[in-house]
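Chemist: In the working numbering, the protein residues as written are 9 to 463.
Cβ atoms here follow ideal geometry from the backbone N, Cα and C, with glycine treated the same way.
(1) Three-state secondary structure (DSSP) at residue 387?
(2) So if DSSP puts residue 367 in a beta bridge, which residue, or which two residues, is it bridged to?
(3) I'd like to know whether the C-beta atoms of residue 171 and residue 256 end up nearer to each other than 9 Å.
(4) Taking just the CA atoms, how far does residue 125 sit from residue 246?
(5) How far does the alpha helix (DSSP H) with residue 269 in it extend, from its first residue to its last?
(6) Which runs of the alpha helix (DSSP H) at least 4 residues long sit entirely within the region 277-333? Give them in chain order.
(7) Grab me the residues of residue 180's own chain with a C-beta within less than 8 Å of its C-beta, minus the 5 sequence neighbours each way, in chain order.
(8) On the CB-based measure, 16 or more other CB atoms within 10 Å of its CB, does residue 295 come out buried or exposed?
(9) Check whether the Cβ atoms of residue 105 and residue 362 lie closer than 9 Å to each other.
(10) Pull up the distance between the alpha-carbon of residue 409 and that of residue 326, whole angstroms please.
(11) Using the three-state DSSP reduction, which class does residue 382 fall into: helix, strand or coil?
(12) So, for residue 394: in the same chain, excluding its five sequence neighbours on each side, which residues have a beta-carbon less than 6 Å away from its beta-carbon?
(13) If you run the structure through DSSP and keep just helix, strand and coil, what is residue 341?
(14) Since residue 151 and residue 143 should fall inside the 8 Å C-beta cutoff, what is the C-beta to C-beta distance between them, to a whole number of angstroms?
(15) In the DSSP assignment, what residue or residues form a beta bridge with residue 244?
(16) Tell me which residue opens and which closes the alpha helix (DSSP H) that residue 18 is part of.
(17) What three-state label does DSSP hand residue 377 in the structure shown?
(18) Work out the CA separation of residue 382 and residue 368 for me, nearest whole Å.
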């Protein structure tokens with residue numbers, strides 16, 4: 009009876025996940041300019057990899073050819089997003105932090121799902137994710153402890169880095185084809201298979217398990233040190249970022265247990281296996297409760313978040329007209345391993361706001377607004393926070409702003425709107441398209457945003 013209840017609960021959660029994951033496809037179709045605008049900044053582009061992972065998790069191995077098609081499309085999209093994300097991060101001169109993981113190391117989940125249909129493809133994605141992990145993980149781990157301005161939610165996302173890699177790496181512990189599986193029926197082949205995996209596979213997966221536990225300790229410590237300021241924030245979509253990393257961590261513990269049971273010579277009643285089982289059970293219960301509670305709050309607040317009133321809103325500047333963008337173009341606002349200021353990419357996202365679709369004069373039009381509860385995995389700063397952090401950044405990079413230059417080259421969000429907008433609200437545009445991509449400037453990000461004329 010208990011098994012049937014758990015199985016039905018699994019089907020229920022899978023159905024809900026399927027519906028929610030499908031909303032991403034709907035958003036791309038209905039509001040593609042918004043998606044394109046989000047992709048132009050590393051801060052707002054960070055959660056996209058998580059959405060691709062949701063599609064892969066829901067459809068991989070399910071629904072026949074439909075699941076196969078969506079799994080391959082989501083995996084291809086996640087790989088393309090990873091390349092683009094790394095590129096714009098270089099353009100914005102940002103350094104790795106946990107918010108990078110869904111778009112980079114998160115490809116490990118795509119590897120596991122593609123492996124169900126295409127062995128070589130799964131291996132290639134798995135190798136890509138492992139390389140990304142070793143390049144980004146240790147830098148991100150150091151930076152979250154050297155930069156207190158990285159938010160608690162972003163710090164918590166670090167759980168997903170080694171967790172997804174461990175889960176994805178398990179494909180290398182499985183036969184690659186039906187022929188390989190048949191060959192294992194011969195005792196000599198089976199013994200050789202298990203001996204090689206004990207020698208090469210298990211040490212690597214032990215390393216990934218150690219990284220998972222380090223990330224858990226680090227995430228709990230970061231949450232403790234940032235809790236005082238974090239608890240004062242209002243609930244936002246970014247808070248749901250606590251769910252997936254913990255569930256990924258739990259999934260990795262189960263994958264590690266399976267590898268131990270399959271390849272390790274450790275007895276089944278060993279104290280380590282018993283402790284690991286209890287830890288996995290605790291993580292599963294805690295992750296389920298956390299996901300259900302935050303999901304409930306998310307759906308409760310969703311109607312309010314969807315009703316954005318921009319009638320009396322001060323329109324933010326275009327992303328390529330902000331003061332932070334000018335600093336980035338000059339190479340003066342790059343991230344550092346040790347810094348006491350908010351990343352310039354986060355400040356630019358807060359200063360320029362998000363692109364929203366609203367009804368004006370009987371037509372749906374796109375405008376920019378700062379009345380968003382979050383930007384990616386980061387909470388939206390209020391006016392005083394944004395002003396304070398921007399001044400801290402200016403001070404840190406020793407940038408002396410010329411008021412005359414600021415007034416002629418663009419406005420920041422707190423400056424008064426130009427008289428042209430007061431007389432003609434339709435004059436606001438999302439961004440102008442450049443004729444060609446300049447890899448040393450922000451033309452690539454501007455091209456991603458595109459022309460969004462109000463008609």
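Modeler: Quick answer:
(1) strand
(2) 372
(3) yes
(4) 33 Å
(5) 251-271
(6) 279-314
(7) 131, 134 and 209
(8) buried
(9) no
(10) Here the model assigns residue 409 a pLDDT of 43, short of 50, so the residue's position is not dependable and the matter cannot be decided.
(11) strand
(12) 358
(13) Residue 341: coil per DSSP, three-state reduction.
(14) Here residue 151 is actually not in contact with residue 143; their C-beta atoms are around 14 Å apart, not less than 8 Å.
(15) DSSP output for residue 244 lists no bridge partner at all.
(16) Residues 10-38.
(17) strand
(18) 24 Å
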